[in-house]
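A short worksheet on the structure shown next.
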Amino acid sequence: MTESFLTQYIAPFVLALIMFGMGLSLTKNDFQQLWRAPLPILIGLFGQLLLLPILAYCVAVTFDLAPNLAIGIMILAACPGGTSSNIISQLAKANLALSVSLTAISSLICVLTTPLIIQFAIGQFGQQEAQSFSLLSTTLGLIFITLIPVLIGIIIRHYFVEKAIRWEPFFRHLATAFLVLMIVAITIQEKDTLASSFSAVFSSALVLNLLAIVLGIGLGTLFKFSPRDNITLGIEVGVQNSAMAILIAVTFLQRADFAVAPGVYGVTMYIGAFLLVLLAKKFRSSASTNA
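Taking our numbering, the leading residue of the sequence shown gets 20, the next gets one more, and so forth.
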């Protein structure tokens, strides 16, 4: 799989299409939100880009994960939220504007932060791979596969609004289908790794997901944000772009075994997220009853 046409050419192209689709969903208002209500966005970015990788590192050490799994879970934590977090925020009736703004801004910043976090992870858990990792090539790859497609999508959304709105659902469905395909491919390719360490990787992924959601909610509570904003931060910190993490592992690093943890997280992250959706609905029902 690591040297296949699929992972070297098709997968990056599909991810670029997905990021282009994300750009189609974004407007300048999503970025202007940073100036209108900066604190929730800044706190959300702090949770996503700094605290989540630290949390992932602690989980990897606590569970004593094998180097390939530890690096994989760090790659996952280094990636921004994807369109899935926006959909879940919509289902939870959270602050969708905050969710979309966080996704948009973190997707741009991750071009710089993700390679640095991956470099740290490889240095900590996989010293043998450290020499083969290129910070420059990974950064350039992310620029061409994520940043540029997003910017093109934003430009098209600005000048061709109706077409962008009509096209965007296709790319959202493509993102879901691509993630499922990659998870299936990783499962087949790395079935021996999964068989020998499924309990550890599933447990660590689920714990990371639940703790990340609690971390996001906790940050919002600490800064006395509204309940809607707290739920949004929980979703944004807890739901990451697993497809991007898998692509980085199999294409940039050419290590399918690094993609096992992101693949498992791509499934487990919905457990915590939908528990949060149910809790949000229950909270709203209780609030309306008391009112």
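Even glycine gets a Cβ: it sits at the ideal position worked out from N, Cα and C.
Short Cβ contact (8 Å threshold) for residue i with residue j
i      : j      : result
Gly172 : Leu45  : yes
Glu187 : Leu43  : yes
Thr312 : Gly100 : Nothing can be reported for residue 312, as the shown portion of the chain is limited to 20 through 310.
Ala278 : Ala262 : no
Ser120 : Asp49  : yes
Gly40  : Leu193 : yes
Gly291 : Leu229 : yes
Arg247 : Ala113 : yes
Glu255 : Gln27  : no
Arg280 : Leu74  : As written in the sequence, residue 280 is Ala, which differs from the Arg given in the question. Cβ distance not < 8 Å, so Ala280 and Leu74 don't count as in contact.
Ser223 : Phe82  : yes
Ile205 : Gly282 : yes
Val286 : Leu110 : no
Asn260 : Cys98  : yes
Thr165 : Ser125 : no
Phe271 : Thr102 : no
Met93  : Ile128 : no
Gln52  : Ala116 : yes
Nearest to residue i (by Cα), restricted to the options the options
i      : options                           : result
Gln273 : Gly91, Val203 and Thr195          : Gly91
Gly257 : Leu155, Ala96, Lys47 and Glu209   : Ala96
Pro59  : Ile265, Val283, Lys243 and Leu294 : Lys243
Ala85  : Phe271, Leu252 and Ser218         : Ser218
Leu227 : Thr240, Tyr284 and Leu266         : Tyr284
Val203 : Ser126, Asn105 and Ile265         : Ile265
Leu70  : Thr270, Ile254, Ala280 and Leu234 : Leu234
Pro134 : Val296, Ile162, Thr287 and Val199 : Ile162
Leu252 : Ile107, Ala79, Tyr76 and Val78    : Ile107
Ser118 : Met288, Phe197, Ala299 and Asn249 : Asn249
Ile175 : Ala116, Thr240, Lys47 and Gly142  : Lys47
Leu213 : Thr240, Phe179, Glu181 and Asp276 : Asp276
Arg191 : Met38, Pro31 and Gly145           : Met38
Ala299 : Ile207, Ile232 and Leu241         : Ile232
Gln143 : Pro72, Phe65 and Val169           : Pro72
Leu225 : Leu294, Ile207 and Gly239         : Leu294
Leu198 : Met288, Asp211 and Lys301         : Met288
Ile167 : Leu200, Ala30, His177 and Val130  : Val130
Thr195 : Val169, Gly145 and Asn105         : Asn105
Boundaries of the alpha helix (DSSP H) in which residue i is found, first to last residue
i      : result
Tyr76  : Leu71 to Thr81
Ile90  : Pro86 to Ala97
Val220 : Lys210 to Leu241
Asp276 : Segment: none, Asp276 is in no alpha helix (DSSP H) and carries neither H nor E.
Asn105 : Thr102 to Leu110
Gly257 : Pro246 to Gly257
Ser261 : Ser261 to Leu266
Val33  : Ala30 to Leu43
Phe65  : Pro57 to Phe65
In the region 114 to 185, which residue ranges form an unbroken alpha helix (DSSP H) of at least 4 residues, counting only runs that do not cross its ends? 115 to 144, 146 to 149, 154 to 161 and 167 to 178
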